[in-house]
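Numbering of the sequence shown is given in the working numbering, commencing with residue 13 and proceeding in unit increments.
Have a look at the structure below before the remarks.
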Amino acid sequence: GDVYKRQHMPRAHRVIFHHPNKERISMRKDLFAALILMIVAHAQADHLPDLIDLKADLTTMQDRGIPMLVFFYGSYCHYCHEAEANFLEPLSRNPEYAERMLFRRVGQDTGRIILDEQGEKILDREFARRYNVRLVPTVIFLGPDGEQLGPPVVGIANYDFYGGQIERALRTAEACLADPMLEQCSH
């Protein structure tokens, strides 16, 4: 059995007992810590990376020969949150798609600063205006030169077809990278 420390014994002679639930308590603490880490990781991974430095991203795109998906959203827009959480963010975690493109997002109402292709600071809403984005959600694809590749995907007409619209726009962007003179490359 367990030996309990006796209060009347001098400190040097006391024996500390082993509590039978100590492992369970420790395991609960470990499980709680793991749960907290999973919640934090999920909270951090539930959206696409923000567009911060277009010039650096364009260099990466040129090195890899891939386009960039840019998702324009509004913090007030329920459909934007749905599109990002249910389609775009999971797509960005798929290794096949992560190899085919960069993923970035731009909020129209966040007031964030973006470094443009010249390294100049501009507001996110000014960046959206450069690409004629007036409604959200909107997805465009950019080439390594910063030019838009093909028409944008504006809104969500039907959730059942949204993933297919994004895939079609990606294929158009990839075709435009291979041959910029294709008819569908002009927008």
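Yeah, the Cβ is synthetic: ideal placement off N, Cα and C, and Gly gets one too.
The model shown is predicted, which means the values in this text are computed figures rather than measured ones.
Just how far apart, CA to CA, sit Ser87 and Asp58?
14 Å
When the Cα atoms are used, what is the spatial distance from Gln120 to Pro102?
22 Å
Output the distance between the C-alpha atoms of Ala169 and Leu100, rounded to the nearest integer angstrom.
16 Å
Skipping 5 residues on each side, what residues in its chain have a beta carbon closer than 6 Å to that of Ile125?
Lys133
Hey, out of Glu96, Glu111, Arg137, whose CA is closest to Asp75's CA?
Glu111
Close-in-space but distant-in-sequence residues of the same chain around Thr150 (CB under 6 Å, 5 per side omitted)
Phe84, Pro164, Val166
What is the DSSP secondary structure of Thr122, counted as helix, strand or coil?
coil
Residue from Leu114, Glu108, Ala68, Glu129 with nearest C-alpha to Leu60
Leu114
Length of the line joining the Cα atoms of Ser198 and His90
30 Å
Min CB distance Gly176 to chain C below 8 Å
Absent here is chain C; the protein component of the structure consists of one chain.
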